[in-house]
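Chains as they are written, first to last, in my numbering: chain D, 34 to 138; chain Y, -18 to 376. For every residue, glycine included, the Cβ atom is placed at its ideal position computed from N, Cα and C. Every value quoted in this text rests on a predicted model; they were computed, and no experiment measured them.
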Amino acid sequence: MNTLFGERKEGAVKIVLTSVDEYPEAPISLGTTLTNFTGDWRTFIPVVDDSKCVKCYICWKFCPEPAIYIREDGYVGIDYDYCKGCGICANECPTKAITMEKEEK
Amino acid sequence: MEYKPIRKVVSGNYAAAYAVKHARVEVVAAYPITPQTSIIEKIAEFLANGEVENLEYVPVESEHSAMAACIGASAAGARVFTATSAQGLALMHEMLHWASGARLPVVMVDVNRAMAPPWSVWDDQTDSLAQRDTGWMQFYAENNQEVYDGVLMAFKVAETVNLPAMVVESAFILSHTYDVVEMIPQELVDEFLPPRKPLYTLTDFDNPIAVGALGTPADYYEFRYKIQKAMEKAKEVIRDVGKEFGEKFGRDYSQMIELYRTEDADFVFMGMGSLMGTVKQAVDVLREEGYKVGAAKVRWFRPFPKEELYELAKNVEGIAVLDRNYSFGMEGILFTEAKGALYNTKAKPLMKNYIVGLGGRDFTVSDVRKIAENMKAIIEKGELDVEVDWYHLKR
């Protein structure tokens, strides 16, 4: 991943607790949202058409999460673990390279 | 070190302040409200005189802020105290949930005061009982000695199970009335109550945490269950701590319901707080007059001592529940709890609710005698006249 705009941390693992015994005694979260996969919240999913992308990175600037990163080839990638599907990227994209599609779950 | 108590003549509020001093509390956030004010004034005096070390005293602009400051300090790992009464406690209500939900062992003294209007500064338990469902443990003190002992024990219990606790005393009847209190030398308090070992701290920068983060429907439920489990564990801890207190300092608190002359009693008076001092005295008088009566003082209202109540109820024909509080549209709050706790058991004593002492109305030995006469008649007849009796009402 390109380090110019920061990179996605490798090794982020979603924590799913399946038994009450696995829960910590108090409702605290470790000092990172890395394990809180906000992508679960999504209804619509952004899809990037690289052929329309002009690498302006306006989507990267506007993404509130940030779920958008810059791939090594310079195009934008979307980290679907954290993308909440808000659609701001698609709205801001000047070339309409990003479209929001209903996600199949 | 051999235990030699230090006897001081103090008010209930000063007893609380001394307990805070002896517990080596690190943060006190407080806002004055009658009749609690002299607790925090006394603590401020200790601080001004250099009698306490390492105490951060935070004057705040409301009770809501007082509890917020306590929560922050407790999350940082400190031993924390505050005090309040009535409307002040009501204003804290939202924050009380934050303390218990985050599992912070804040200890507070609530001086029971009637809720307004009409404006009142006198005794009534409705303020603290209205906080029943906030996840706070509640200890009701009968006298100034129990205020002092209660605060020390509350810290130990709270910090063991990681839940907040309130020690409740009566407005003026205890808060401003002077009595002999046996205090414990500092070294022995230190042995009994070592420094707090927090579950987690905000100041552990190598292991950063977020407190008060979002709990989605996938996780919220489990944390509620954990609070209930902690409350159940608290019952054991309370009995152990009470027993240890008795062994070390001569006053045993291992019973969550203190039984007084109940062994062969036909019926008992059950209640909480300073009321029960009068009742115990009345029991002695009534026993001489031929009544086979006893007293059951509920010390801990939360967690509620269901098992102990069942043991008591099995062996008596009647229970007169004295409530210095009221849940409008229903009945006295302790009455509801006691009846509910016994519903699925085989114990079925006749239970009658006497509403007494609201807003500081006097409750005397002769009142207990009248209630005893009434209970005796009910038990002989085998049925209640009325379930809820507004005992003092001017008819």
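> Got a sec: is the Cβ-Cβ distance from Tyr90 of chain D to anything in chain Y below 8 Å?
Replying inline: By one-based count along the first sequence, residue 90 of chain D stands at place 57. Taking Cβ atoms only, chain Y never reaches closer than 8 Å to Tyr90 of chain D, which makes this a no.
>> Using a Cβ-Cβ distance cut-off of 8 Å, determine whether Met34 of chain D contacts chain Y.
In response: For the purposes of this step, residue 34 of chain D is identified with residue 1 of the first sequence, where counting begins at 1. With a pLDDT of 37 at Met34 of chain D, under the threshold of 50, the predicted position of this residue should be treated as unreliable, and no value is reported.
>> By the DSSP assignment, the beta strand (DSSP E) with Ala83 of chain Y in it spans what residues?
In response: Stepping through the second sequence from its first residue, residue 83 of chain Y is reached at position 102. No beta strand (DSSP E) contains Ala83 of chain Y, which DSSP labels as neither H nor E.
>> Which residues in chain D have a C-beta closer than 9 Å to the C-beta of Glu217 of chain Y? List them in chain order.
In response: Locating residue 217 of chain Y in the second sequence gives position 236, counting from the first residue. Within 9 Å Cβ-Cβ: nothing; Glu217 of chain Y doesn't reach chain D, min ~16 Å.
> Are there 16 or more other CB atoms within 10 angstroms of the CB of Ala4 of chain Y, so buried, or fewer, so exposed?
Replying inline: Translated into the one-based positions of the second sequence, residue 4 of chain Y becomes position 23. Under this definition Ala4 of chain Y is a buried residue.
>> Residues of chain Y with CB closer than 7 Å to the CB of Tyr113 of chain D, please, in chain order.
In response: Mapped onto the first sequence, residue 113 of chain D falls at position 80. Chain Y residues near Tyr113 of chain D: none, gap ~18 Å exceeds 7 Å.
> Near Leu374 of chain Y, which residues of its chain fall below 7 Å by C-beta distance, leaving aside the five closest residues on each side in sequence?
Replying inline: By one-based count along the second sequence, residue 374 of chain Y stands at place 393. Excluding sequence neighbours, Leu374 of chain Y sits near nothing in its chain.
>> Assuming the contact rule is C-beta atoms closer than 8 Å, Ala(-3) of chain Y and Val142 of chain Y should be a hit. Round their C-beta distance to whole Å, please.
In response: Looking up residue -3 of chain Y in the second sequence gives position 16. Looking up residue 142 of chain Y in the second sequence gives position 161. Taking C-beta atoms under 8 Å as the contact rule, Ala(-3) of chain Y and Val142 of chain Y fail to qualify, at a distance of about 22 Å.
> Excluding the five sequence neighbours on either side, which residues of its own chain have a C-beta within less than 6 Å of the C-beta of Arg376 of chain Y, listed in chain order?
Replying inline: The residue given as residue 376 of chain Y occupies position 395 in the second sequence. No residues qualify anywhere along the chain.
> What does Lys295 of chain Y touch in chain D if you count any residue whose Cβ is under 9 Å from its own?
Replying inline: Locating residue 295 of chain Y in the second sequence gives position 314, counting from the first residue. What Lys295 of chain Y touches in chain D: nothing, since even the nearest Cβ is about 34 Å away.
>> Can you give me the C-alpha to C-alpha distance between Thr36 of chain D and Phe204 of chain Y, rounded to a whole angstrom?
In response: For the purposes of this step, residue 36 of chain D is identified with residue 3 of the first sequence, where counting begins at 1. For the purposes of this step, residue 204 of chain Y is identified with residue 223 of the second sequence, where counting begins at 1. The pLDDT assigned to Thr36 of chain D is 36, lower than 50, so where the model puts this residue is not dependable; a value taken from the coordinates is nonetheless given after this. For Thr36 of chain D and Phe204 of chain Y, the gap between their C-alpha atoms comes out near 39 Å.
>> Using a Cβ-Cβ cutoff of 7 Å, what residues of the stretch 185 to 198 of chain Y are near chain D? List them in chain order.
In response: Against chain D - using a Cβ distance shorter than 7 Å - the residues of the stretch 185 to 198 of chain Y are Pro189, Ile190, Ala191, Val192, Ala194, Gly196.
> Hey, is Leu50 of chain D's beta-carbon within less than 8 Å of any beta-carbon in chain Y?
Replying inline: Translated into positions along the first sequence, residue 50 of chain D becomes position 17. Closer than 8 Å to some Cβ of chain Y, the Cβ of Leu50 of chain D qualifies, so yes.
> Would Gly69 of chain Y pass as a contact of Ile24 of chain Y if the rule is Cβ separation under 8 Å?
Replying inline: As a first step, residue 69 of chain Y must be located in the second sequence, where it is residue number 88. As a first step, residue 24 of chain Y must be located in the second sequence, where it is residue number 43. It is not a contact, given that the beta carbons lie outside the stated cut-off.
>> Can you tell me whether Gly53 of chain Y is helix, strand or coil according to DSSP?
In response: As a working note, residue 53 of chain Y is residue 72 in the second sequence. Here Gly53 of chain Y sits in helix by DSSP.
>> Taking contact to mean 3 or more Cβ pairs, one atom from each stretch, closer than 8 Å, check whether the stretch 118 to 127 of chain D and the stretch 81 to 91 of chain D are in contact.
In response: A contact exists between the stretch 118 to 127 of chain D and the stretch 81 to 91 of chain D.
>> Tell me the DSSP secondary structure of Ile24 of chain Y in three-state form.
In response: As a position in the second sequence, residue 24 of chain Y is number 43, starting the count at 1. Helix at Ile24 of chain Y.
> Along chain Y, in chain order, which residues have C-beta atoms closer than 7 Å to that of Val53 of chain D?
Replying inline: Translated into positions along the first sequence, residue 53 of chain D becomes position 20. Ordered by position in chain Y, the residues that pass the 7 Å Cβ test against Val53 of chain D are Glu203, Tyr206.
> What's the call for Arg94 of chain Y, buried or exposed, on a 16-neighbour Cβ count within 10 Å?
Replying inline: Translated into positions along the second sequence, residue 94 of chain Y becomes position 113. With 16 or more other Cβ atoms from the protein chains shown falling within 10 Å of its own Cβ, Arg94 of chain Y counts as buried.
>> Once DSSP output is grouped into helix, strand and coil, what is the label at Arg242 of chain Y?
In response: Here residue 242 of chain Y corresponds to residue number 261 of the second sequence, with the count starting at 1. Reduced to three states, the DSSP call for Arg242 of chain Y is coil.
>> List, from N- to C-terminal side, the alpha helix (DSSP H) runs of 4 residues or more that fit wholly inside the stretch 252 to 292 of chain Y.
In response: 256 to 269
> Which residues in chain D sit within 7 Å of Arg84 of chain Y, going by Cβ to Cβ distance?
Replying inline: By one-based count along the second sequence, residue 84 of chain Y stands at place 103. By Cβ distance, chain D contributes Glu58, Ala59.
> Are the stretch 133 to 140 of chain Y and the stretch 330 to 338 of chain Y touching by the rule of at least three beta carbon pairs closer than 8 Å?
Replying inline: No contact exists between the stretch 133 to 140 of chain Y and the stretch 330 to 338 of chain Y.
> Going by other Cβ atoms of all chains shown within 10 Å of its Cβ, with 16 needed for buried, is Arg(-12) of chain Y buried or exposed?
Replying inline: Position 7 of the second sequence, counting from 1, holds the residue named residue -12 of chain Y. Arg(-12) of chain Y should be labelled exposed.
> Got a sec? Which residues, its chain only, sit under 6 Å from Asp160 of chain Y by beta carbon, not counting five neighbours each side?
Replying inline: Numbered from its first residue, the second sequence carries residue 160 of chain Y at position 179. Closer than 6 Å at the Cβ level, and outside the excluded window around Asp160 of chain Y, lie Asn125.
> Going by C-alpha distance, which of Y:Asn35, Y:Ala11, Y:Asp108, Y:Glu163 is nearest Val88 of chain Y?
Replying inline: Along the second sequence, read from residue 1 onward, the residue named residue 88 of chain Y stands at position 107. Nearest option by C-alpha distance: Y:Ala11.
>> Which same chain residues end up closer than 7 Å to Ile20 of chain Y when comparing Cβ atoms and leaving out the 5 residues on each side of it in sequence?
In response: One-based indexing of the second sequence puts residue 20 of chain Y at position 39. So the list reads Asn(-6), Ala(-3), Ala(-2), Ala64, Val90, once near-sequence residues are dropped.
>> So Met134 of chain Y and Gly223 of chain Y are supposed to be a Cβ contact under 8 Å. How far apart are they, rounded?
In response: Sequence index remark: in the second sequence, residue 134 of chain Y carries index 153 (1-based). Sequence index remark: in the second sequence, residue 223 of chain Y carries index 242 (1-based). Going by Cβ atoms, the distance from Met134 of chain Y to Gly223 of chain Y rounds to 7 Å, so yes, they are a contact pair.
> Along chain D, which residues have their Cβ under 7 Å away from the Cβ of Leu180 of chain Y?
Replying inline: Against the second sequence, residue 180 of chain Y aligns to sequence position 199. Correct list: Glu58, Ala59.
> Looking at the unbroken alpha helix (DSSP H) that takes in Val222 of chain Y, where does it start and where does it end?
Replying inline: Position 241 of the second sequence, counted from the first residue, corresponds to residue 222 of chain Y. Residues 201 to 230.
> If you follow the alpha helix (DSSP H) that Met237 of chain Y is part of, which residue opens it and which one closes it?
Replying inline: Taking the second sequence and counting its residues from 1, one reaches residue 237 of chain Y at position 256. Premise fails: Met237 of chain Y is in no alpha helix (DSSP H) and is neither H nor E.
>> Just to confirm the assignment: which complete alpha helix (DSSP H) runs, minimum length 4, are found wholly within the stretch 58 to 116 of chain D?
In response: 91 to 95
> Based on the DSSP secondary-structure assignment, which residues constitute the bridge partners of Arg(-12) of chain Y?
Replying inline: As a first step, residue -12 of chain Y is located in the second sequence; it is residue number 7 there, counting from the start. In DSSP, Arg(-12) of chain Y forms a bridge with Y:Glu163.
> Is there at least one non-hydrogen atom of the ligand MN closer than 7 Å to the beta-carbon of Lys287 of chain Y?
Replying inline: Absence of the ligand MN is noted for the structure shown, with no ligands found whatsoever.
>> Just verifying my parser: in three-state terms, what is the DSSP assignment at Tyr(-1) of chain Y?
In response: Position 18 of the second sequence, counted from the start, is the residue given in the question as residue -1 of chain Y. Note: Tyr(-1) of chain Y maps to helix in three-state DSSP.
> At a Cβ threshold of 8 Å, is Asn355 of chain Y touching chain D?
Replying inline: As a position in the second sequence, residue 355 of chain Y is number 374, starting the count at 1. Chain D contact via Cβ: absent.
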